[in-house]
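Residue numbers (my numbering): 403 to 818. Here a beta-carbon is modelled for each residue, glycine too, at the ideal position from N, C-alpha and C. The structure displayed is predicted, hence computed values, not measured ones. So the structure is just underneath, and the comments pick up after that.
Here it is as structure tokens:
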């Protein structure tokens, strides 16, 4: 009850042998107060469903091997606007669903990664997007997706800089799944030379690093590394975002297994390239990417010469319950999974140069993670480098971030 906050009734329940992950509120139809839109991935992909306040499913509105990522708004009593990956996992476009015609119409005509604002009356769409060939563009569209006016086209602010050539492509996982990859070549690239490689990794849920957006979704820092003479490679492994339920849930109770296998698929590909120096491969990542970085360094010994891990999860029993137990269950119900994923068990496999960075006030990956790793390494006589940012949380922000980038860059330049 909205007035009292008292419980009225349970409308319906969703369950799974793994986990359910509701991330969106109810969206009540403006002209039908007893009906609402609900997100669910019960058919394998996040889609829109129409329910009534008796908890009865009226119909599934969207369907397909793609994901609805955002609800955007209504237009009268007919159109529902949403954002989805229907054109492919790398894109996000705006669509409308007609309740009367039961049809879906694409509203954004250009490929890329779109954001949108719907006017209050639903007649207009403010479309802003970027793609691999568009820096940023703003358009006013009609409700049917017709371009009324191009409001602004941002010039490329990096036009006067030397940028490494970027390409996006796919590799096959061991189960045949497509894995999207991004490769940035060094500036002044010469295919007769051999170049060192930095693998930039995240690999966890709710993140997608390779996209049809400006720079291919890469941060400027990765292009800076390419300016320093590195091939920079990124792969979105199983477990990452916007590929559906089963793609993500591959990691359930077993974090650090499928992800490593997929990243090694990428490394094996890199070794086939004539211009890659297979003896000079490094890896870098933060948070889940830090977990992946240390995992790759220890569980694939001898492959990576240098690694830089920021805020790394070392043992999932130290991680916050909301996230850790969703993907790993509890330490009591999944002791084998926790034991296998704990990087404390692989410290004696450390070869090469490893730098761990941590913020002393990290509330997400608590400091205990890397300190316990450090203590274990000392006990086993293993050398590594360790650096802290006093007062910083789960990431290093503000002016100190420039110091962080310099720290990481110098570590690679000195050791790779």
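What is the residue span of the beta strand (DSSP E) that residue i lies within?
i	result
residue 516	515-520
residue 681	678-688
residue 760	755-761
residue 892	Lying before the first or after the last residue shown, residue 892 is absent from the chain, which here runs from 403 to 818.
residue 551	549-555
residue 833	The shown model of the chain, from 403 to 818, leaves out residue 833, and the question about it has no answer.
residue 610	No beta strand (DSSP E) holds residue 610; DSSP gives it neither H nor E.
residue 461	459-462
residue 706	It is not in any beta strand (DSSP E) - residue 706 carries neither H nor E in the DSSP assignment.
residue 430	429-431
To which residues of the same chain is residue i closer than 6 angstroms at the C-beta, ignoring the five residues directly before and after it?
i	result
residue 798	791, 806
residue 473	429, 484
residue 649	640
residue 480	500, 501, 502
residue 601	635, 685
residue 541	529, 549, 552
residue 786	756, 779
residue 457	413, 414
residue 759	712, 789
residue 420	651, 654
residue 726	718
residue 443	647
Would you list the residues sitting across from residue i in a DSSP beta bridge?
i	result
residue 486	470, 495
residue 481	477, 500
residue 580	574
residue 712	688, 759
residue 449	442
residue 526	544
residue 787	757
residue 738	In DSSP, residue 738 forms no bridge with anything.
residue 820	It is not possible to answer for residue 820, since the shown part of the chain is limited to 403 through 818.
residue 585	569, 635
residue 454	437
For the alpha helix (DSSP H) containing residue i, list its first residue and its last residue.
i	result
residue 631	Here residue 631 belongs to no alpha helix (DSSP H), and DSSP marks it neither H nor E.
residue 805	802-817
residue 746	First-last for residue 746: undefined, no H or E at that position.
residue 773	770-781
residue 729	723-730
Cα separation between residue i and residue j?
i	j	result
residue 711	residue 742	19 angstroms
residue 574	residue 603	17 angstroms
residue 476	residue 522	9 angstroms
residue 754	residue 416	47 angstroms
residue 646	residue 448	7 angstroms
residue 746	residue 717	7 angstroms
residue 730	residue 642	15 angstroms
residue 722	residue 802	26 angstroms
residue 493	residue 612	10 angstroms
residue 735	residue 724	16 angstroms
residue 539	residue 496	15 angstroms
residue 773	residue 720	12 angstroms
residue 560	residue 544	32 angstroms
residue 709	residue 431	51 angstroms
residue 536	residue 688	28 angstroms
residue 588	residue 661	26 angstroms
residue 438	residue 482	11 angstroms
residue 491	residue 764	32 angstroms
residue 811	residue 695	16 angstroms
residue 597	residue 703	21 angstroms
residue 652	residue 558	39 angstroms
residue 566	residue 814	18 angstroms
residue 411	residue 455	10 angstroms
residue 659	residue 748	14 angstroms
residue 568	residue 737	42 angstroms
residue 794	residue 591	37 angstroms
residue 579	residue 697	22 angstroms
Only counting the same chain, and skipping five residues up and downstream in sequence, which positions put a Cβ closer than 8 angstroms to that of residue i?
i	result
residue 581	572, 573, 574, 575, 637, 638, 639, 640, 664, 667, 668
residue 427	none
residue 441	424, 425, 426, 448, 449, 450, 451, 470, 473
residue 599	632, 633, 634, 635, 672, 678, 679, 682, 683, 684
residue 750	782, 784
residue 526	520, 542, 543, 544, 545, 550
Please tell me whether, using a cut-off of 7 angstroms, the distance from the CB of residue i to the nearest non-hydrogen atom of the ligand SAH is below it.
i	result
residue 525	Because no ligand of any kind appears in the structure shown, any question about the ligand SAH cannot be addressed here.
For residue i, which residues in the same chain have their Cβ closer than 7 angstroms to its Cβ, ignoring the five residues on either side in sequence?
i	result
residue 519	528
residue 532	514, 515, 538, 615, 616
residue 624	586, 602, 634
residue 468	447, 486, 487, 488
residue 403	410
Report the residue ranges of all alpha helix (DSSP H) runs contained in full by the segment 634-683; include only those spanning at least 4 residues, in chain order. 647-651, 660-673
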